[in-house]
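Here's the structure, in structure tokens; my notes come after.
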Amino acid sequence: MRKALILAIAATALAFTAIGCKDKGNEAGGSGATEDTVKLGLFVSTTGEIATFGGDTKNGAELAVEEINKAGGIKGKTIDLRFYDTASKAEEAGNVATKLATQDKVLVAMGAVASGLSLAAAPVFEQNGVPMVSPSSTNPTVTQQGKNIFRICFLDDFQGGACAVFAYKELGKRKAAIIRNQDDAYSTGLADYFRLKFKALGGEIVADESYKKGTKEFASQITNVKAKEPDIIFLPCYYNDVALLSQQIRGQGIGDDVPMLGGDGWESANLIPNSKGALEGSYFGNHYSPEDPSEHVQAFVKGYKAKYNTAPSSLAALGYDVVYVVKKAIEDAGEFDRAKVRDALAALKDFKGVTGTFSIDENRDARKPISILKVQGDKFLPVKQIQPQDVK
Amino acid sequence: MLELLATADPGGTSLAQALLQQVANGIAKGSVYALIAVGYTMVYGVLQLINFAHGEVYMLGAYFSYYPAKWMGYTTDPEDPTFVPAKVPLYVVGFLFVCSMACCALLGMLIERFAYRPLRDSSRLAALITAIGVSLLLQNGGIMLFKADPRGFPTLVEQSSVDLGLVALTNTKIIIVVVAAVMMTGLHLFVQKTRPGAAMRACSFDMRTARLMGVNVDGTIGLTFAIGSIMAAVAGVLVAMDQPTIDPLMGLMAGLKAFVAAVLGGIGSIPGAALGGLLLGVTESVVGTFSTTYAEAVAFVLLILVLLVKPSGLLGKSGREKV
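As you go down the protein sequences, you meet chains A and B in turn.
According to the numbering used here, the stretch in the first sequence is residues 1066 to 1457, in order.
According to the numbering used here, the stretch in the second sequence is residues 25 to 347, in order.
And the structure:
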């Protein structure tokens, strides 16, 4: 009896060792791909507080996968997309990353949206040598987690700087006021970079007001701003706050000749109805515009509307682009090998996406333009693209 | 800070004028605090209970006018993107206020009947914890029912700036101040001059004796909750009119500020609630002239100092009569 048990344990141990060996062989060869499929991972939050962002990203990515598979896949192999919900929780992002890297053994992982979740997942992928491409995490530290971590969106420093360049050079504004959310790193980051660049260009920051998260009444801030007679007001905040701020700014008698300006946090289907016309003629920087007349963008918008019956947001566009970036990298690499794909990602040049033409720089970040959109009626119209070299 | 001083150079307006403007802003802000604060103060006066669910009654006050407006077609978030929101006529605005007041009065009485009355003879701590429970229940129930996303409130009054000579206020803020002043005066007269008001004062003085004298204590307590909730409902609709987005957690901060205002003025005292609310609003705004970053922090430090000198609040009595 005892002998039999020992034998059984020994046999099991042996079997595990054998599997382990096989795994190693697999990684050295072409991990993430079988005879006719290539496994790609996608991890975003489709539940929890940032569910709409994740849902849009997933929709965009799935549309791209569908298109690619219909057109014959990547180098003849169809994409097997392994999707996991990270539920807006950092610990869940870590678990999912382990699953994708060690169980599904994906070739490349795509995600996450929120920087906090990307930061939780990145070390896992870095350790396992899996290239990770984030579609939309803007925090600078994300890609500093290791040489396998990439992103295809612009960073907040560029966004803030680009807004300053647009205000100073395109609109000819010289006296800017800022109203920022002091509890939000995104808001203060954008505000600081805008401030720095606008002053460097020769402009003056006449007022820099802050408010606490959850504030709905901005009379004090606006009174201070109005007294300084700015010619532009920078609002680096999310759309809910912008809707209230803009109405109160106009309500307190700051006229239409003083436009408001902001970043990608403004983008929402709720922005225009909730601001009730107060934002007419104001501007914000965004990843792309669905009104962009270029053929590539319009084909994407049409495909997306046909599949989901709604216009694609920036996050959907970035989700769409990230899949094509990975496809391009695999094709450039020439084989289904993680290390080679990583090198191809790092060397990516002049990729033409729906969110603009971009290259990956030495920090594994995307160097890409920002689209400045103008609020007009119920539309966001593209008015100007600011290139990375314009801001440097 | 140095830079702040440098840019503080008045670009057209003098500091005195800016301060005056901020006082006006603060009075508008404080009027809302005062309207909510009376609910805390009246309930405390009668039951010595801090009704933490009161901020949520204020939140629901906004929703109780949002939905009727939506059902009548006055909404900003329709499915059809080409939709242009209709202008809300004055009689509809009046109806929305009444509707919200009635619903909140009922809600306030229900909360009292089912959450607080069964615990009236238990320890005050038990009732306090129940109050926190009701508050959380309403917040999370609100998130479930209304969704956490803020909703755009229809335009009840088109906002515009009104020049009052030395200062300028938006018309909605002037409406807030006027409505709040009328409501507070009415409430004061009600409590001082009418029989139900006298019953309220009697209950706050000594509930058992009041009952022996033939006062309907349960009815009076119910009425106290109803009136407090009506004031909160009015505050909810007024704020939604001035800052037209509403969300299920909007009662959290507003309730906290109003509670602080009630304590500052002397909890249990209705004129105290009015004074506390105005003082808090004006302090916050005036400090905001110099730094909006620290406005709330400085305002609260001032409040702590006031309470150190006068622990029962500005108009609070150390005696037992509370309303």
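For every residue, glycine included, the Cβ atom is placed at its ideal position computed from N, Cα and C.
None of the values given here were measured: they were computed from a predicted structure.
Look up A1174 of chain A in the DSSP assignment and say whether it is helix, strand or coil.
strand
Counting C-beta neighbours from all protein chains within 10 Å, is the total for N1213 of chain A 16 or more, i.e. buried, or is it exposed?
buried
Check each residue of the segment 1275 to 1309 of chain A: if its Cβ is closer than 7 Å to any Cβ of chain B, include it; give the result in chain order.
S1275, Y1276, K1277, G1279, K1281, E1282, A1284, S1285, Q1286, T1288, N1289, A1292, K1293, E1294, N1305, A1308, L1309
With C-beta atoms as the reference, is V1103 of chain A less than 7 Å away from I1144 of chain A?
yes
Where the beta strand (DSSP E) containing N1246 of chain A begins and where it ends:
Run containing N1246 of chain A: 1240 to 1246, per the beta strand (DSSP E) assignment.
Does any residue of chain A have a CB that is nearer than 7 Å to the CB of T317 of chain B?
yes
If you draw a straight line from the C-alpha of Y164 of chain B to the C-alpha of E1274 of chain A, how long is it?
Checking the sequence, you will find Asn at residue 164 of chain B rather than Tyr. Cα to Cα, the separation comes out at about 32 Å.
According to DSSP, which residues form a beta bridge with N164 of chain B?
DSSP output for N164 of chain B lists no bridge partner at all.
If you draw a straight line from the alpha carbon of R1403 of chain A to that of G1194 of chain A, how long is it in whole angstroms?
7 Å
Would you say Y1258 of chain A and G1226 of chain A are within 7 Å of each other, going by their C-beta atoms?
yes
Tell me which residue opens and which closes the alpha helix (DSSP H) that L1438 of chain A is part of.
Taken as a continuous stretch (DSSP letters only), L1438 of chain A belongs to no alpha helix (DSSP H), being part of the beta strand (DSSP E) at 1435 to 1441.
Checking the sheet assignment: what are the DSSP bridge partners for Q1450 of chain A?
Its beta-bridge partners are A:S1436.
Pair within 7 Å by beta-carbon distance, A1241 of chain A and I1314 of chain A
no
Among B:V56, B:L43, B:A40, B:F314, which one has its Cα closest to the Cα of A257 of chain B?
B:V56
What does the alpha-carbon distance come out to for the pair E1360 of chain A and K1367 of chain A?
10 Å
Just to confirm, is the Cβ distance from T1208 of chain A to D1430 of chain A under 7 Å?
Closer than 7 Å, so yes.
G198 of chain B to S336 of chain B, Cα distance in whole Å?
This sequence places Ile at residue 198 of chain B; Gly is not what is there. Going from the Cα of I198 of chain B to the Cα of S336 of chain B covers about 31 Å.
CB S89 of chain B to CB V206 of chain B, shorter than 7 Å?
Inclusion of S89 of chain B and V206 of chain B in the CB contact set at 7 Å is not warranted, their separation being larger than that value.
Would you identify the three-state DSSP class for L1236 of chain A, choosing helix, strand or coil?
Looking at L1236 of chain A - three-state DSSP - the assignment turns out to be coil, as it is neither helix nor strand.
Once the 5 residues before and after G1094 of chain A are set aside, which same chain residues still bring their CB inside 7 Å of it?
Low local confidence applies: a pLDDT of 39 at G1094 of chain A is under 50, so the model's placement there is unreliable, and no value is given.
For the segment 1092 to 1138 of chain A, which segments carrying the beta strand (DSSP E) assignment without a break, of at least 3 residues, lie completely within its bounds, in sequence order?
1102 to 1109
Take every Cβ of the segment 264 to 282 of chain B, pair it with every Cβ of the segment 78 to 93 of chain B, and state whether three or more of those distances are shorter than 8 Å.
yes
Is it buried or exposed, A77 of chain B, if we count other Cβ atoms within 10 angstroms and call 16 or more buried?
buried
Nearest-angstrom Cα separation, counted from K171 of chain B out to G338 of chain B
Residue identity check: residue 338 of chain B is Leu in the sequence provided, not Gly. Within the model, the alpha-carbon separation for L338 of chain B versus K171 of chain B is close to 40 Å.
Within the 7 Å Cβ cut-off, does G1095 of chain A reach chain B?
Any reading at G1095 of chain A needs caution, since the residue's pLDDT is 48, under 50, leaving its predicted position unreliable; the model's value is listed next. Chain B contact via Cβ: absent.
Determine the chain A residues that contact Q183 of chain B at a beta-carbon separation under 7 Å, and present them in chain order.
Q1312, G1316
Taking DSSP as the reference, what is the three-state secondary structure of L1044 of chain A?
No answer is possible for residue 1044 of chain A: the residues shown for chain A start at 1066 and end at 1457.
Would DSSP call S1202 of chain A helix, strand or coil?
coil
Using the beta-carbon count (16 or more within 10 Å), is K1089 of chain A buried or exposed?
For K1089 of chain A, the predicted structure reports a pLDDT of 41, less than 50, and the residue's modelled location is therefore unreliable. The matter cannot be settled from this model.
Nearest chain A C-beta to G97 of chain B closer than 7 Å, yes or no?
no
Compute the Euclidean distance between the alpha carbons of I1319 of chain A and Q1312 of chain A, then round it to the nearest angstrom.
10 Å
Counting only beta-carbon separations shorter than 7 Å, does D1088 of chain A have a partner in chain B?
Residue confidence for D1088 of chain A is low, a pLDDT of 45 falling below 50, so the modelled location carries little weight and cannot support an answer.
Cβ atoms of V239 of chain B and A250 of chain B: under 7 Å apart, would you say?
no
In chain order, each beta strand (DSSP E) run of at least 3 residues that lies wholly inside the segment 259 to 346 of chain B
none
Look at V81 of chain B and P178 of chain B and say whether their C-beta atoms are less than 7 Å apart.
Their beta carbons are not under 7 Å apart, which means V81 of chain B does not touch P178 of chain B by this criterion.
Stretch pair the segment 1175 to 1190 of chain A + the segment 1407 to 1427 of chain A: three plus CB contacts closer than 8 Å
no
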